[in-house]
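Novice: Below is a structure I'd like to ask you about.
Number of protein chains: 2
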Amino acid sequence: MTEPELRPRKTPLQTRSKATCAAVLEAAARILEAEGSHALTTNRVAERAGVSVGSLYQYFPGKEAILAELIRGLRRDMVLTMRRAADLGREESLASTVELMVAAALEHHLTRPELARALERVEAELPVDAETRELKGELRNIVADVLAGHGIADAESVAFDLVALCHGLSSAAIEAGEKDINGLTLRLKRAVLGYLVAEPAGTSR
Amino acid sequence: MTEPELRPRKTPLQTRSKATCAAVLEAAARILEAEGSHALTTNRVAERAGVSVGSLYQYFPGKEAILAELIRGLRRDMVLTMRRAADLGREESLASTVELMVAAALEHHLTRPELARALERVEAELPVDAETRELKGELRNIVADVLAGHGIADAESVAFDLVALCHGLSSAAIEAGEKDINGLTLRLKRAVLGYLVAEPAGTSR
DNA sequence: CAATTATGCGAATAATTGCTCACATTCACA
DNA sequence: TGTGAATGTGAGCAATTATTCGCATAATTG
Numbered sequence: 004m005t006e007p008e009l010r011p012r013k014t015p016l017q018t019r020s021k022a023t024c025a026a027v028l029e030a031a032a033r034i035l036e037a038e039g040s041h042a043l044t045t046n047r048v049a050e051r052a053g054v055s056v057g058s059l060y061q062y063f064p065g066k067e068a069i070l071a072e073l074i075r076g077l078r079r080d081m082v083l084t085m086r087r088a089a090d091l092g093r094e095e096s097l098a099s100t101v102e103l104m105v106a107a108a109l110e111h112h113l114t115r116p117e118l119a120r121a122l123e124r125v126e127a128e129l130p131v132d133a134e135t136r137e138l139k140g141e142l143r144n145i146v147a148d149v150l151a152g153h154g155i156a157d158a159e160s161v162a163f164d165l166v167a168l169c170h171g172l173s174s175a176a177i178e179a180g181e182k183d184i185n186g187l188t189l190r191l192k193r194a195v196l197g198y199l200v201a202e203p204a205g206t207s208r
Numbered sequence: 004m005t006e007p008e009l010r011p012r013k014t015p016l017q018t019r020s021k022a023t024c025a026a027v028l029e030a031a032a033r034i035l036e037a038e039g040s041h042a043l044t045t046n047r048v049a050e051r052a053g054v055s056v057g058s059l060y061q062y063f064p065g066k067e068a069i070l071a072e073l074i075r076g077l078r079r080d081m082v083l084t085m086r087r088a089a090d091l092g093r094e095e096s097l098a099s100t101v102e103l104m105v106a107a108a109l110e111h112h113l114t115r116p117e118l119a120r121a122l123e124r125v126e127a128e129l130p131v132d133a134e135t136r137e138l139k140g141e142l143r144n145i146v147a148d149v150l151a152g153h154g155i156a157d158a159e160s161v162a163f164d165l166v167a168l169c170h171g172l173s174s175a176a177i178e179a180g181e182k183d184i185n186g187l188t189l190r191l192k193r194a195v196l197g198y199l200v201a202e203p204a205g206t207s208r
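Same order as they appear, the protein sequences are chains H and D. Each residue of the first sequence is one higher than the one before, counting from 4 in this note's numbering. Each residue of the second sequence is one higher than the one before, counting from 4 in this note's numbering.
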């Protein structure tokens, strides 16, 4: 049960090799979203990418590294999207900012829903990747900053909860085949603003 | 890519065979929570169960069937737990009932957290199992009934959202190693009551 | 008690998969 | 243009895995 290596083997220098790398990643993504992680074998990825296995192994030590790279890519995207939304919301009301950010998060989930879902599942079975951990923290920080900017107490902890709540609702709704994105945005907004407005205290037994 | 069979091959009749079945399921559960689904092989399960592979295959057509059975068991448990909580909450205030149900759901997630998480991931990669689908619907119905009993409009849709929200927050918190269960219960309660209290309307663009 | 049925066994086989390596091709650069 | 570095190839070996099948043991039944 040796931990699989998640870092790429070497970074492509020439354009040709960059294309190879990209093709491998894209092929893996497609297999993943169409058939799930159990169908992801190095030989299949290479074939689908129009590349030989040898080339694949030149850049990735194994399939876990390919998956890890896809995950990092997704998270980097997410952070960028959310940062942009947070910036747009600067000087806006809390409600407007929430709507902007919720819409951004949703859009992110909607670009390649199956891929995002598959990668999330895979991530849980892989050793923790340092950069991925950082990126997740960064996401929470972005949210926390927005909250703090509107004078909300305990911003860090609240940010954690809001991110988790939104993630839960978006995933479930998208998985259930929800098509009404505007409606879903409203439901997310309702959850977020509701949480913010509700009494933090209350007797638990 | 033939769909794996998820139903057990035959039902054990004698006590001896019931024990074999149970041993297989428990062994699979232990491997799953300790090492994840990639480590779950039929031979390993049989060995860990103190049973031969042949016996395993007598009752399960493959490992997917074992996993499916574990999933069904977990869901059946969940429905029972939640029904009990809903019954206990009858004649109580909405807030109290929410607290009871939230606590029940949490307790459920906490008995074998790693197992529950692993099974959820596995479920997403398996063909949809009829009974599992039913059970998930049943869970939402239980919540919807409670909501309707308190005169909440659109109970079905709200139930969907509340279940999703709670699932999201519990999973994230438990995964993050949250130990303060009382505190977590309060946060869940806050999310639920907040959602219920917040304006369902609001302008989305 | 047979005789029938249920249960259990595990070596052996077939299929899959990860991964390497010896060799070919292309590129960068003096 | 030539030479070393970078890149690409894919047959094939090693290891893992799923699954079967002939046979032994235990329970049930009549």
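Backbone N, C-alpha and C fix where the C-beta goes; we use that ideal spot for every residue, glycine too. Just so we're clear, the structure is a prediction, and the values are computed from it rather than from any experiment.
For Ala151/D, which residues from the same chain have a beta carbon less than 6 Å from its beta carbon, with the 5 sequence-adjacent residues on both sides left out?
Specialist: Here the set comprises Ala158.
Novice: Out of Ala52/H, Ala31/H, Leu83/H, Val54/H, which one is the CA nearest neighbour of Ser43/H?
Specialist: Before going further, note that residue 43/H is Leu rather than Ser in the sequence given. Checking every option, the nearest Cα to that of Leu43/H belongs to Ala31/H.
Novice: Could you compute how far the alpha carbon of Tyr60/H sits from the alpha carbon of Ala37/H?
Specialist: The alpha-carbon atoms of Tyr60/H and Ala37/H are separated by roughly 23 Å.
Novice: Is the CB of Leu168/H under 7 Å away from at least one CB in chain D?
Specialist: Chain D contact via Cβ: present.
Novice: Just verifying my parser: in three-state terms, what is the DSSP assignment at His153/D?
Specialist: His153/D falls in the coil class under three-state DSSP.
Novice: Quick one: residues in its chain with C-beta nearer than 6 Å to the C-beta of Leu70/H, no 5 flanking neighbours on either side, listed in chain order?
Specialist: Val125.
Novice: Please report the distance separating the alpha-carbon of Pro7/H from that of Ala162/D.
Specialist: Rounded to the nearest angstrom, the two C-alpha atoms are 41 Å apart.
Novice: Counting pairs of beta carbons, one from the stretch 191-205 of chain D and one from the stretch 168-177 of chain D, are three or more of them closer than 8 Å?
Specialist: The stretch 191-205 of chain D vs the stretch 168-177 of chain D: in contact.
Novice: Using a threshold of 7 Å, state whether the C-beta atoms of Val101/H and Val195/H are closer than that.
Specialist: Contact flag set, yes.
Novice: For Glu50/D, decide whether its Cβ has a neighbour in chain H, counting only Cβ atoms nearer than 7 Å.
Specialist: Judged by the 7 Å Cβ criterion, Glu50/D is not in contact with chain H.
Novice: Tell me the rounded alpha-carbon separation between Arg78/H and Arg19/H.
Specialist: Near 26 Å, if we compare the C-alpha coordinates of Arg19/H and Arg78/H.
Novice: Tell me whether Glu95/H sits in a helix, a strand or coil according to DSSP, three-state version.
Specialist: Coil, per DSSP.
Novice: In chain D, what lies closer than 9 Å to Pro203/H by C-beta?
Specialist: Within 9 Å Cβ-Cβ: Leu189, Arg190, Arg193.
Novice: At the 7 Å Cβ level, is Arg124/H part of the contact set with chain D, yes or no?
Specialist: Chain D contact via Cβ: present.
Novice: Using a C-beta to C-beta distance shorter than 8 Å, which residues of chain H count as neighbours of Val149/D?
Specialist: Residues of chain H passing the Cβ test: none, with the nearest at roughly 18 Å.
Novice: Residues in the same chain with beta-carbon distance under 8 Å from Met104/H, minus the five sequence neighbours each way, listed in chain order, please.
Specialist: So the qualifying residues of the chain are Met85, Ala88, Ala89, Gly92, Val146, Val149.
Novice: Which residues, in order along the stretch 169-182 of chain D, keep a beta-carbon less than 9 Å from a beta-carbon of chain H?
Specialist: Those residues of the stretch 169-182 of chain D that come within reach of chain H (Cβ to Cβ, closer than 9 Å) are Cys169, His170, Gly171, Leu172, Ser173, Ser174, Ala175, Ala176, Glu178, Ala179.
Novice: In its own chain, which residues sit with a C-beta less than 8 Å from the C-beta of Tyr198/H, not counting the 5 before and 5 after it?
Specialist: Excluding residues within five positions, the ones whose Cβ falls inside 8 Å are Val161, Asp164, Leu165, Leu168.
Novice: Given that Arg120/D touches chain H, what residues does it touch there, using C-beta distances under 8 Å?
Specialist: The contacting residues are Ala127.
Novice: Roughly how many angstroms lie between the CA atoms of Val131/H and Pro64/H, to the nearest whole one?
Specialist: Cα to Cα, the separation comes out at about 17 Å.
Novice: His139/H: which of Gly180/H, Leu113/H, Tyr62/H, Gly76/H sits nearest, CA to CA?
Specialist: The identity of residue 139/H in the sequence shown is Lys, whereas the question assumes His. The shortest Cα separation from Lys139/H among Gly180/H, Leu113/H, Tyr62/H, Gly76/H belongs to Gly76/H.
Novice: What is the DSSP secondary structure of Phe63/D, reduced to helix, strand or coil?
Specialist: Coil, per DSSP.
Novice: Could you check what DSSP says for Asp148/D in three-state terms: helix, strand or coil?
Specialist: In the structure shown, Asp148/D sits in a helix (DSSP, three-state: H, G or I).
Novice: Just the Cα atoms here: how many angstroms apart are Arg12/D and Cys24/D?
Specialist: Taking the straight line from one Cα to the other gives about 11 Å.
Novice: What does a CB cutoff of less than 6 Å around Pro116/H pick up in its chain, not counting 5 residues either side in sequence?
Specialist: Counting only Cβ-Cβ distances below 6 Å, and skipping sequence neighbours, we find Ile177.
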